[in-house]
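Participant:
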Amino acid sequence: MGFLALLALLLALPKLVSSYKLLTYTRFLILALMAQGWNFIGGYTGYAAFGNVAYFGIGAYTTGLLMIGKWHVPFFPALAAGALLSACVAILLGLPILRLKGHYFAIATLGVAEALAQVADNWDSLTDGSTGIDLPIKSEGEFFYYTALGFVILGLLATWAFARSKIGYGCVAIREDQDAARMLGINTTLYKGIAYAISAVFAAIAGGITAYQNVHVTPGDFFKIDYTLQMIIATIIGGVGSVAGPVLGAAVYQLLSTYIWGRFIELHPTVLGFIIIFFIVFLPRGLMTVIGRRRKSGERPFKASDLLANVRAHRVT
Amino acid sequence: MSALPVPPPRISEKPILVATGITKKFGGLAAVDRVDLSILSGEILGVLGPNGAGKTTFVNCMTGLDKPTAGSIVFDGQDITKTPSYRIGHLGMARTFQVVKPLRQLTVRENVATGAMFGARGRERSAAQARAYADEVLDRVHLADLRDRAATELTIPDLKRLELAKALAMDPRLLFLDEVMAGLNQSEIEKAMELILSINRSGVTIFVIEHVMKAIMGISDRLVVLHYGRKIAEGLPKEIVESPAVIEAYLGERFAQRAQAAGVEGALFVPSGEFRKAPPAAAAQALLEVKGLSSGYGEVQILRDVSLEVKEKEIVALIGANGAGKTTLLWTISRLLQPMAGSVRFAGVDITAARPDEIVAAGVVHVPQGRRLFAGLTVKENLMQGVYLRRDTAKIASDLERVYALLPRLAERADQLAGRLSGGEQQMCAIGRGLMSRPRLLIIDELSLGLAPLVVDSLLALITQINEEGTTVLLVEQDVQVALEHAHRGYVLETGRIVQTGPAAELLDDPGIRQAYLGL
Amino acid sequence: MKRTAMVSLLALALALGAFPVAAEDTISFGAAVSLTGKTAKEGEYTRDGYNFAVDTVNAQGGIAVAGKKYKIAVKYYDDESKSERTAQLIEKLINEDKVTFILGPYGSAPSGTAAPICEKYKIPMIEANGSAESIFSKGYKYTFAVLSPAKLYLKGVIDLVMSRDKTVKTVAVLGENEPFSKEVASGAADYAKEKGLQVVYQELYPTGTQDVSALLTRIKGMNPDVVLGAGHLQDSLLIVKQAKDLGVSPKAMGFSVGPSSPEFRENLKGNADYIFGSTQWTEALKYNGDDPWKTPKGYAEAFRAKNPKYNVIPYQVAESSAAVIAFCRAIEKAGTLDPTKVRDAIAALDFMTFYGQIKFDSRGINIYKPMAIEQLQPDGKKYTVFPAAVAEKEALYPMPAWDKRK
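Protein chains in written order, with our numbering: chain A, 2 to 318; chain B, 3 to 522; chain C, 181 to 586.
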């Protein structure tokens, strides 16, 4: 009931708020989409991926390059192509790096993001390097809002179904103990690859929508580590390994960041940092645990600190 | 190989698994060294061996988790030497882990459902069907009551049972059990034995590693003994416990006697008056006084109004079923848990509000259950953590020598990372670390957990020795007989309350205790 | 002199404080400039340049539109030197703060981000600090730049060196990989080749680089006659420091951005000597324009009077003021605040200012204004040395090796 009311409100929002406010809401949805994606690899599979912005960038560039130049592909097919390419890149890169454990994996993903940024920066003939590319201008803010909203709702359904599926169980088992997972008959390489590819698809869709909305796409802006951090922080705030946590976390993050940004122009990164520490220390399982006490289907809560523990080289058995 | 004289009809002469020349080297060290072993279809094969003998590594090789350096494995006519570990389960093998590996954040039911989804018959089941099947398995292992609890909330014995349930849910034809009974008390062991027998009788071949002699003697059709990675004996249980080589390497005289008795009559209790100790004079000073203590986790109260006293130079045994609150009591004394009510005094000083480090500084050292070593440090570095608060630096070197002399395995492994030790070796290291602190009061939670009988024997001798030298000991031990034989006095804890206390010898003779904890 | 300046400043402050301008008589401008982050210093120049022009125009009564005088108000945001922030801020300025016109951010990268947003809402933007031609190659109609395009920045250094030394043969160019610097670097390299010089080294380093010693080591091995750097203030400081440490001693060193800022001298002290910097504007130039200050000197004196902390006036300040002046002129010409009409008036501008000619080509970039070259000399001062017509002093050439200096 409450959910339907919320949905109705979200659908009616463009009629209720100014176009700038709508832009802020769209940004929240984009962040939610990225966080939802990260939740698959970071939340359900327990792999601290720090390079998901790479797929955000691939999505943005693929969508953009297909829409301009000689092809002039319409937006949605271009977006789908970006998502597909991201998934392929994630699987190709994932095969070697998903074998790494703990902080080696985290560092490798960071490296991937950096390497792809350099590719975009230096492949002048395709990407026009640091100059960037400009997409066709579309000024209807509602279009971006509804597109993002649609994908976030799809993302919620996908997360819920994933958590209850065999793949979901397999991924959570990998997160909890890789050796145990193998002994339970789980093809760990395959499942990690699937989770990583799904997270890449979400990031690519977010990237494609953002590119179309922002028009101007440059490597500096679309391969920025900030995006990775935001999606991780949003997921931690909402609840790592929960269905609605990333969306809730993205809402809170966007709210906090907008409010704090307005209040503490110079200090806002610091203030935001303290809030993040607060969540990790006092609400390690995120806001979802506060809202719903009972364990709901699809919820696979995971402490943020456990994620960091997964990053450590030696786990005490 | 000495075959069974008259094998029961459930055992076929055809082996389900044949391992030939299995060798596994870590660095230069051969953990498993040219072992040939056949597991007959339908049998229960028991495996014994000192801590670090390579038993778990052998299972790791069989299940693909470690790739053997040399040798071959044939399962059901198929060469599986190079099969990836995740396929092992699909073929019909399953295992438990000695150091339990639950899927911690999942519920008990979800843990078991995961096994049902990916095991030998996983493909036939949807996720929902797997969850339903998990319930059946949980009923079988008596974990149904806990099905919705997160694995993190379970006690060690329940986690051991969960290991078994996960493995069972994979519908294995061959099941490897790695010390599933460690930490269970005698009556729980009886139940576990029944369960293993019933699994076996339903057609599952079982390979079982266990230090609990009563159990392994009671259920095994055949026994194999590993020592330094080599197979040193194989045969019928009765032959094995009488083998001089096995007694020397593993059992020790006393346990051999007990094990033989168990094998023959199924009984464990051997009256051994020589171990009984008279309580010290009543006038002795109380070192630890616990008064009206209540404690628990969050809103769950576990201990209710517990009072207990440990006198200077005394060994006090704390006994009780799993879940009675023994560990909670120890944790509250060393302030790893905060008491809800009551007081704790040590050497006349109220330490109820002290910090854990202050309590250690006062001379109370706690060897916790589950080892808690620094996995990234070497054995020697772990031992030296014990001297952190000591001032008498001159004696540290000689104490280290003494610990090495008492636990020679630690000397051999001094420069290895603690995380690489076998389960039993980790336990030794934890106790060694406790001893290095030269405590006034040494608190040990589960002394014998996962240790070979010979080692338990030498540790008990060690405790008697340091006690005679002046260290007071508070001991929690599942082997109630061993505990009471070595203690001066005992306390019995049931559902968070002290229900009985007295001189250890009297408790050992008490019919109620013999029935409840010794299975007599 | 100082006294009158103080008095007029006080009067101005009082006037502004005493008569708060009514909202309906105000034209609101919006600007997102970098006040923190990598280009915080340049962003501060930009804001100070905008503010100085706005205050001057307001003090003279404001802009006359169809017989009515309007005051100007500027709403600022800090883009934190992150160009992805720019998109958000320009949206906020246009949609939430409802500004009528946009003054550009600092730098080509954020200008490139801002341009399509202005295009989207058909809000004209005149920017003064984004000279990359890539911004103007997309066919946007609402973005204009008052400054000379990036590719011309280092042309003057090459011309100057070649006029002094016929034996010069080799040039090394290193630049930051971002839109503006990339064009500066390739423009300089192309021009050098055109002049028959050999470009022995041409490399871009990533934005935010903290170490260019590897690049400089390569350059040292090639021993070029001229080293040209295309980046921003922080990059130029880094290159000079590391060039000295590594003993890279060409006959001339020139930078696109950096030498004209007072911080360049403050940071490098004597090591700043002999270095050439390109500049969009210096107070030594000889323009006579149709604006409140007329000449570069007039502008400089008025600006210093109001902003005493500036001893030397960086060109970013002047070009930013010029953007405001261009806007005022176009609005007056259009006789309306309608953004589309104002846009057409901007496109048709052709007038002389203290800053030089302001006239936009069909893309919106000002190709009609020349660049100048300055040099920091051992007397601690900075002189305009090129082109010869406006030179205050003759350039010192060649640059002595680092170890031959006193």
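The beta-carbon is built from N, C-alpha and C at its ideal position, and this holds for glycine as well.
Identify which residue in B:Q107, B:T380, B:V34, B:A463 has its Cα closest to the Cα of L161 of chain B.
Facilitator: Selected option, being the one with the closest Cα: B:Q107.
Participant: Which of the three DSSP states is assigned to V341 of chain C in this structure?
Facilitator: V341 of chain C: helix per DSSP, three-state reduction.
Participant: Closer than 8 Å, CB to CB, is A394 of chain C near chain A or not?
Facilitator: Taking Cβ atoms only, chain A never reaches closer than 8 Å to A394 of chain C, which makes this a no.
Participant: To the nearest angstrom, how far is the alpha carbon of K218 of chain C from that of G287 of chain C?
Facilitator: Spanning the two alpha carbons is a distance of roughly 11 Å.
Participant: What is the C-beta distance between D277 of chain C and T216 of chain C, in whole angstroms, given that I count them as a contact (C-beta under 8 Å)?
Facilitator: D277 of chain C to T216 of chain C, Cβ: 20 Å. No contact.
Participant: What number of angstroms, rounded off, separates the C-alpha of W582 of chain C from the C-alpha of M433 of chain C?
Facilitator: Whole-angstrom Cα-Cα distance: 12 Å.
Participant: So, at 8 Å on beta carbons, what are the nonlocal neighbours of P17 of chain B in its own chain, with the 5 sequence-adjacent residues on each side left out?
Facilitator: Contacts found: S40, I41, L42, S43.
Participant: Would Y333 of chain C and G367 of chain C be called neighbours here (beta carbons separated by less than 8 Å)?
Facilitator: Yes, the pair counts as a contact, with Cβ atoms nearer than the cut-off.
Participant: Please report the straight-line C-alpha distance between D511 of chain B and L339 of chain B, rounded to a whole angstrom.
Facilitator: Between D511 of chain B and L339 of chain B, the C-alpha separation is close to 34 Å.
Participant: Whole angstroms is fine: what's the gap from Q390 of chain C's alpha carbon to T397 of chain C's?
Facilitator: Cα-Cα distance, rounded: 15 Å.
Participant: Report back the beta-carbon spacing between N187 of chain B and V482 of chain B to the nearest angstrom; my notes put them in contact at under 8 Å.
Facilitator: About 7 Å separates the two Cβ atoms, so the contact holds.
Participant: Under 9 Å, CB to CB, which of the residues in the region 12–32 of chain A have a partner in chain C?
Facilitator: The residues in question are S19, S20, Y21, K22, L23, L24, T25, R28.
Participant: How do the region 357–366 of chain C and the region 118–134 of chain A stand: do at least 3 beta-carbon pairs fall below 8 Å, yes or no?
Facilitator: At 8 Å Cβ cutoff, the stretches touch.
Participant: Spatial neighbours of V389 of chain B within its chain, please: CB distance less than 6 Å, with the 5 preceding and 5 following residues excluded, ordered by chain position.
Facilitator: Here the set comprises I398, M438.
Participant: Does W72 of chain A pass the burial test, meaning 16 or more other C-beta atoms within 10 Å, or should it be called exposed?
Facilitator: Its Cβ having fewer than 16 others within 10 Å, W72 of chain A is exposed.
Participant: With three or more beta-carbon pairs closer than 8 Å as the criterion, would you say the region 441–450 of chain C touches the region 417–425 of chain C?
Facilitator: Because the criterion of three Cβ pairs below 8 Å is met, the region 441–450 of chain C and the region 417–425 of chain C touch.
Participant: Quick one: which chain B residues come within Cβ less than 8 Å of T189 of chain A?
Facilitator: The answer, in chain order, is Y88.
Participant: Kindly give me the distance between the Cβ atoms of A485 of chain C and L556 of chain C, rounded to whole angstroms, as I take these residues to be in contact under 8 Å.
Facilitator: Rounded, the Cβ-Cβ distance is 25 Å, inconsistent with contact.
Participant: So, do the region 472–481 of chain C and the region 424–443 of chain C have three or more beta carbon pairs nearer to each other than 8 Å?
Facilitator: No, they do not touch.
Participant: With 8 Å set as the bound, which would you pick, yes or no: does the beta-carbon of M289 of chain A sit closer than that to a beta-carbon of chain B?
Facilitator: False, the Cβ-Cβ gap to chain B never drops below 8 Å.
Participant: Which value, in whole angstroms, describes the spacing of the CA atoms of K251 of chain C and T206 of chain C?
Facilitator: Going from the Cα of K251 of chain C to the Cα of T206 of chain C covers about 5 Å.
Participant: Are the C-beta atoms of G171 of chain A and some chain B residue less than 8 Å apart?
Facilitator: At least one chain B Cβ lies under 8 Å of G171 of chain A.
Participant: Going by C-alpha to C-alpha distance, which of B:S450, B:R123, B:V243, B:A33 sits closest to C63 of chain B?
Facilitator: Per the Cα distances, B:A33.
Participant: Please state whether the Cβ-Cβ distance between A72 of chain B and G23 of chain B is less than 8 Å.
Facilitator: In this structure, G23 of chain B lies closer than 8 Å to A72 of chain B by Cβ.
Participant: Let me make sure I understand the geometry here. Which of C:G229, C:K302, C:S314 has the alpha-carbon closest to that of K521 of chain C?
Facilitator: Cα-wise, what sits closest to K521 of chain C is C:K302.
Participant: Can you give me the C-alpha to C-alpha distance between M232 of chain A and A267 of chain C, rounded to a whole angstrom?
Facilitator: Answer to the nearest angstrom: the Cα atoms are 20 Å apart.
Participant: Can you give the Cα-Cα distance for K249 of chain C and A233 of chain C, rounded to whole angstroms?
Facilitator: One C-alpha to the other measures close to 16 Å.
Participant: Should T116 of chain B be flagged as near chain A, meaning a C-beta pair shorter than 8 Å?
Facilitator: T116 of chain B counts as touching chain A.
Participant: Using a Cβ cut-off of 8 Å, which residues of the region 96–110 of chain B contact any Cβ in chain A, in chain order?
Facilitator: Within the region 96–110 of chain B, the qualifying residues are A96, R97, F99, V101, K103, P104, L105, R106, Q107, L108, T109.
Participant: Among A:A207, A:M289, A:T190, A:L249, which one has its Cα closest to the Cα of L93 of chain A?
Facilitator: Per the Cα distances, A:T190.
Participant: Can you list the residues of chain B that F303 of chain A reaches, using a CB-CB cut of under 8 Å?
Facilitator: The contacting residues are Q107.
Participant: Which runs of the alpha helix (DSSP H) spanning at least 4 residues fall entirely within the region 362–389 of chain C, listed in chain order?
Facilitator: Runs of the alpha helix (DSSP H) inside the region 362–389 of chain C: none found.
Participant: I'd like to check one pair, L461 of chain B with I433 of chain B: are the Cβ atoms closer than 8 Å?
Facilitator: Yes, the pair counts as a contact, with Cβ atoms nearer than the cut-off.
Participant: Taking only runs that begin and end inside the region 432–512 of chain B, name each unbroken alpha helix (DSSP H) of 4 or more residues, in chain order.
Facilitator: List check, alpha helix (DSSP H) in window: 455–470, 482–488, 506–511.
Participant: Would Q328 of chain A and V153 of chain A be called neighbours here (beta carbons separated by less than 8 Å)?
Facilitator: This structure cannot speak to residue 328 of chain A, because chain A is shown only from 2 to 318.
Participant: Taking the beta carbon of P247 of chain A as the centre, do at least 16 other beta carbons fall within 10 Å, making it buried, or is it exposed?
Facilitator: P247 of chain A should be labelled buried.
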